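Under my numbering, think of the first position of the sequence shown as 4, with each following residue one higher.
Even glycine gets a Cβ: it sits at the ideal position worked out from N, Cα and C.
It should be emphasised that the depicted structure is a prediction, and the values quoted were computed from it without experimental measurement.
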Amino acid sequence: MPTYAIGDIHGCLDQLLGLLRSAELTDEAGHWTARDSHLWFLGDFTDRGPDGMGVIDLVMRLEQEAVFEGGFVGALLGNHDVILQEVYHFGNHDVPSFGQVGKKVGFIDMWMKNGGKMSDLERLTPERVSWLLNLPALARVGNTLLMHADNTFYLNYGSSIQEVNQNIHAILTEHDMDTIDKLEDQFAKRLEFVTAEFAQRVNIADFEGGFARAQKMLETFGGTKIVHGHTPIFRLLDRSPIEVTEAWEYQNGLCVNLDHCLYAGGEGFVYEIEDG
Ligand SMILES: [Mn+2]
């Protein structure tokens, strides 16, 4: 069956509904019409854009509707999905990792600086929090390894997809502030798979070994290709968001970035996973 993936949504409900409709995955009213197709979301459902809770509700509903039609909708955990859980549980408590570098910043302030919307927090119900904490961090579809971040921190949480997902789920469930904060601190890092040329464009000096890091991820978790979101393509290509209309393949096709950056004006795209 056809299998698709969509990058970071960040509260852009209207753009997401438009994308799903034009890819014929849903009808005009946003109901699943793609029968037995599979669709994966790569995380970061809220913040920056206006309606994160609307996005979560839509994805939760599509999960149900797709199963009913013999299809499948899955969603991965993004770093913003972890921040939201921190804000929900720890509120204005100081962020421990900021304290270590001599800064006093509360979870809510940190989140709002990263695009957090009070209107989302006000609507964050226990059901939605429960959905967020159950999201897997990694998934594999055929030979395609799916993850939110272009980042090797997943290796610190296990040596198989199942182990990483279980360990991260346990951390989110246990609500230990330091452990969750450490997870989030690592999760936010990016650009670990790019070539030195692109690393230089975004001012990361002496950045070698992106190919080897991507290979290490594939050797550990399986697959021949990494598909991720998290790092806006337009920034890497030095274009405006609206000029980004397709996935960006790099490292000779070993890695694919799907971050269309809808909140900055990108029109977005739906990516088809070839060996799904
Ligand atoms: Mn992210």
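Requested in this report: Answer yes or no: does any C-beta atom of chain D fall closer than 8 Å to that of phenylalanine 110?
Outcome: Of the protein chains in the structure, only one exists, and it is not chain D.
**Report entry** Any heavy atom of ligand 3 nearer than 5 Å to the CB - residues listed
**Finding:** This structure lacks ligand 3; the ligands present are ligand 1.
Query raised in the report: In angstroms, rounded to a whole number, what distance separates the CA positions of phenylalanine 93 and glutamine 218?
Result: Our two residues, phenylalanine 93 and glutamine 218, have alpha carbons roughly 37 Å apart in a direct line.
Report task. With DSSP as the reference, label phenylalanine 196 as helix, strand or coil. Result -> coil
Query - C-alpha gap between glutamate 31 and glycine 105, whole angstroms - result: 51 Å
Query - Chain-order list of residues whose beta-carbon lies under 6 Å from that of valine 197 (same chain, five-residue window excluded) - result: Gly213
**Report entry** Reference isoleucine 164; option with closest CA among Ala140, Asn146, Ile174 and His151
**Finding:** The candidate whose alpha carbon is nearest that of isoleucine 164 is Ala140.
Query raised in the report: From the DSSP output, which residues share a beta bridge with phenylalanine 44?
Result: Phenylalanine 44 pairs with Ile9 and Ala78.
Query raised in the report: What residue range is occupied by the uninterrupted alpha helix (DSSP H) comprising threonine 147?
Result: Note, threonine 147: premise wrong, no alpha helix (DSSP H); beta strand (DSSP E) at 147–150.
Query - Beta-carbon proximity list for aspartate 278, same chain, < 7 Å, skipping 5 on both sides - result: Gly145, Asn146 and Thr147
Query - Cβ-Cβ distance between methionine 4 and serine 40 below 8 Å - result: Cβ atoms of methionine 4 and serine 40: closer than 8 Å.
Query raised in the report: On the premise that valine 259 lies in contact with aspartate 184, defined as a C-beta separation below 8 Å, what is that separation, rounded to the nearest angstrom?
Result: Wrong, their Cβ atoms sit about 30 Å apart, outside the cutoff.
**Report entry** Contact between the segment 12–21 and the segment 54–63 (3+ Cβ pairs under 8 Å)
**Finding:** Segments in contact, yes.
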